[in-house]
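Novice: In the UniProt record's numbering, the protein residues as written are 1 to 986. Heads up, the beta-carbon is just placed ideally off N, CA and C, and yes, glycines get one too. This structure is a prediction, so every number in the text was calculated from the model and none was measured.
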DNA sequence: GCAAGGACGTA
DNA sequence: GTACGTCCTTGCA
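(1) Using three-state DSSP, classify residue 782 as helix, strand or coil.
(2) Is it the case that the Cβ atoms of residue 13 and residue 143 are separated by a distance below 8 Å?
(3) Would you say residue 138 and residue 55 are within 8 Å of each other, going by their C-beta atoms?
(4) Would you list the one or two residues that DSSP bridges to residue 724?
(5) By DSSP, does residue 394 sit in helix, in strand, or in coil?
(6) Per DSSP, which one or two residues make a beta bridge with residue 872?
(7) State the CB to CB distance for the pair residue 247 and residue 91, rounded to an integer number of angstroms; the pair is presumed to be in contact (CB under 8 Å).
(8) Name the residue from 494, 632 and 267 whose alpha carbon lies nearest to the alpha carbon of residue 576.
(9) Between residue 328 and residue 501, what straight-line distance do the alpha-carbon atoms span, to the nearest angstrom?
(10) Kindly indicate which three-state DSSP category residue 425 falls into: helix, strand or coil?
(11) Using 10 angstroms around the beta-carbon of residue 629, count the other beta-carbons present and answer buried if the total reaches 16, otherwise exposed.
(12) I'd like to check one pair, residue 187 with residue 215: are the Cβ atoms closer than 8 Å?
(13) Applying the 10 Å Cβ sphere with the 16-neighbour rule, what's the burial state of residue 986?
(14) Which of helix, strand or coil does DSSP assign to residue 647?
(15) For residue 838, name the three-state secondary structure that DSSP assigns.
(16) Using the Cα positions of residue 166 and residue 150, report the straight-line distance between them to the nearest angstrom.
(17) Taking just the CA atoms, how far does residue 274 sit from residue 15?
(18) Give the straight-line distance between the Cα atoms of residue 11 and residue 389, rounded to the nearest whole angstrom.
(19) How long is the line joining the alpha carbons of residue 306 and residue 134, rounded to whole angstroms?
(20) List the endpoints of the continuous alpha helix (DSSP H) containing residue 638.
(21) Within its chain, find whatever has a CB closer than 7 Å to the CB of residue 343; leave out the 5 residues flanking it on each side and keep chain order.
(22) Tell me whether residue 483 is buried or exposed, calling it buried when 16 or more other Cβ atoms sit within 10 Å of its Cβ.
(23) Closest to residue 719 by C-alpha separation, out of 73, 570, 741 and 877, would be which residue?
(24) From the DSSP output, which residues share a beta bridge with residue 753?
(25) Do residue 590 and residue 755 come within 8 Å of each other at the CB atom, strictly closer than that value?
(26) Let me confirm a value: residue 427 is counted as buried when at least 16 other C-beta atoms fall within 10 Å, else exposed. Which label applies?
(27) Over the uninterrupted alpha helix (DSSP H) stretch that includes residue 150, give me the two end residues.
(28) Does any heavy atom of the ligand ADP sit closer than 7 Å to the C-beta of residue 383?
(29) Is residue 169 helix, strand or coil by DSSP?
(30) Compare the Cα-Cα distances from residue 869 to each of 700, 505, 566 and 757 and report the closest residue.
(31) Which term fits residue 733, buried or exposed, when burial requires 16 or more other beta carbons within 10 angstroms of its beta carbon?
(32) Are the CB atoms of residue 753 and residue 942 nearer to each other than 8 Å?
(33) Taking 8 Å as the threshold, find out whether the region 465-477 comes into contact with the region 527-546 through three or more Cβ pairs.
(34) Could you tell me how far apart the beta carbons of residue 609 and residue 691 are, in whole angstroms, since I believe they sit closer than 8 Å?
(35) Should residue 866 be labelled buried (16 or more other beta-carbon atoms within 10 Å of its own) or exposed?
(36) Quick check on residue 294: buried or exposed, where buried means 16 or more other Cβ atoms within 10 Å of its Cβ?
Here it is as structure tokens:
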């Protein structure tokens, strides 16, 4: 039926068939995109604009493009024809509850059809069938010819189509939907989606399903019984009474639901598949349409692409404002409620009709071309002006945000002001609590010309929480917490620091200043220039307002510019999934963990501090006795002089700087030779460490209001993807020594609660078995063997039963050595054996496990060739010095690269678990809250009576964390325990 | 007052 | 042999 170009070619292998769910697109676009109206007559055209931008991107994609690669060869926009479908015949209530169309959406339906024709693309609809059935049929035909299919929609009803050749694409989120996403939604693979829907039903479409069964239960049942028919046949076996009865009673309703949700894949198509081939649009006709719509940016782009003088083209007379039927469509709309037309700039998905590669190259080139002009920044002093900025940001759907505060700790610092940026050089600072000038009786007065913070924040809150406006920050976790403390939960968001981290971890730093210098060629104002440094440093709220304002506005401006450069690289370098699944979700997750904090027993620590001090005093007396003089045992320099100078003990080593080495390993050796002093020093150092770093320091971190300790987790601090923790570091709380565990005991659950510690057992060794594909190691894990003993047995031929501890210890050291990128030198050091012997061990190990040598060789070669390695989940860790001429630097980088694949993959897995954990706990109706992460361990605080219910949920989330992105052959094992303090829970 | 080096706590 | 952060001393400004 479409007036379509007859020069089609038939579909064949390698072709790419794109099917757009037109009706669904309009609804999504209407709700997700900022409202946009044609300026001359206020005709609402937001969805049409988004649609045209998308089509342009599709038909002009020159190269591979995420989600649309390869370039579409065939494309159809598919619509629902009418209400009456075969499903209504089966079940009259089907889709009987659809609300009426919003007034300003209705006129966009015919315009979308017009747009499709203007692009010379097929517009398909067929009586008696829903768009979904037509899409399913086209997909089926295309697959049969070996073509790839992309369905542009995020409708869950279409997810049953996903398979190796068919994927979906969510045009609003700019995100591919594959088997993984389907699994995340339904808990089953795509081929079981229909079964889940048949059981769970759908209130929106009025699909009945089985009462009492939701998606989660359905997925669980299907995992157990395989498929719907088997489940219904064996329903009698189900333990839960109500569930069993319902499944038996409503079995027929489930089968009816299956008929409703199963898409018809064999519709007799009015428009054959071959007829939807993509052809080059007729430029002038397209321009005429776009001009009539008044989409100036896209009109210009299309004009340039086809070398058409757009001024010479008349707008389509049937569609232009006041000129045709569309004017009538707009009638009845209240012009005052319509937004003025704003071009969709900034967002790469909507703006530029380019491939990701071309876009990121263009953005990079542009980045330096508009110099930062601080004179264009504005200091906002009135609510009215602020509201104008907010309106502008809302219309754009995009804004960079930065907070200025009184300190560096987001849990304590007070908000002083915030800045916004909407385009390069288009930025403002909104001071809220700057002080100075007049002194009040007890405190300094606020400077005049500041909006009352409550009013400003009340105006800002809807913007920062608006689901259709993307907030962009640099290290956004900080700002997220600051805003959270004033009652604003920021979202959705992007973080430029994390973008940089995903793209360049190990290659360059991710702080704003270095990023600005590198990508924008611009050096921002230094904080010291505003507030001074050292002793003379003043708080931001006391800084001169003009300087403060420039500084703050520039931060937002720079952040926005960085986003424009970095965000497109995500797609062009294939790292969008890493960012979306491993980075972005962690911002809010970690912010919440930090805000919760953990309780410590200060009395216990204070008592310990006294004990440690006593012990140190005793040791100091003995030490000076033995040394024959009093000296500072905390000074390695003085100690070295005593031991190797005055006492002339032989066998001393030197540090790289030429000083005597007095490290624990050296002192340990001396102690074993019978020297008493080194033993005392070691004991003293242990107490000194425990006292100063833990017993004395931790209480100083207790928050005055919450009474708890709030660490700060860094998301972008390591090369491998691990988190880090600081101020205080709660990832290095002692556990190995008896004395140290007393510190750990002081980490306690709140009254009426327990701490649960859940940790992955041997995760890096398991990943070694997986990545290096070593069947014997894998088998050992599957059989639940003692992996170190098994290694020893393989290497030395000693039976596991009755194995001497020393033999196992050596194997364990070798296993760890492998993870660390083993060297004979390091292993020899660790085991205190000659280097030759260590070398022999390694040789034997590689003979027994040849796959691991291959893994290490491959990793070295890959890193050498590419300058980076990748984890199982695609995270990149860069090692720019991997090809250094200096052999020891090179070897160091090789070991680090070998380690990074394992450490990084483990880090990815726990990140995935953490990203899902809050939701899983909530879904299970549990009060448990995640407090800490220690690389392979998660710590929760749980009400006493929920401990037993929480542990299985936590364990499940952690153990299946790699799935479905990666299906490990090696099982993951999680140990979890609860107690009232961390030591006993661990 | 600050940076570097050494030492040591964790995974 | 990997990955971190913190405390203390030292040496220089």
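Specialist: Taking the geometry as given:
(1) helix
(2) no
(3) no
(4) 714
(5) helix
(6) Bridge partners of residue 872: none, in fact.
(7) About 20 Å; that fails the 8 Å criterion.
(8) 494
(9) Reliability of the predicted coordinates at residue 328 is poor, the pLDDT of 36 falling under 50, and the value obtained from them is presented with this limitation in mind. For residue 328 and residue 501, the distance between alpha carbons rounds to 52 Å.
(10) coil
(11) exposed
(12) yes
(13) buried
(14) coil
(15) helix
(16) 6 Å
(17) 11 Å
(18) 50 Å
(19) 33 Å
(20) 636-640
(21) With a pLDDT of 29 at residue 343, under the threshold of 50, the modelled position of this residue cannot be trusted, and the question is left open.
(22) buried
(23) 877
(24) 943
(25) no
(26) buried
(27) Taken as a continuous stretch (DSSP letters only), residue 150 belongs to no alpha helix (DSSP H), being part of the beta strand (DSSP E) at 148-152.
(28) This structure simply doesn't include the ligand ADP, nor any ligand for that matter.
(29) strand
(30) 505
(31) buried
(32) yes
(33) no
(34) 6 Å
(35) exposed
(36) buried
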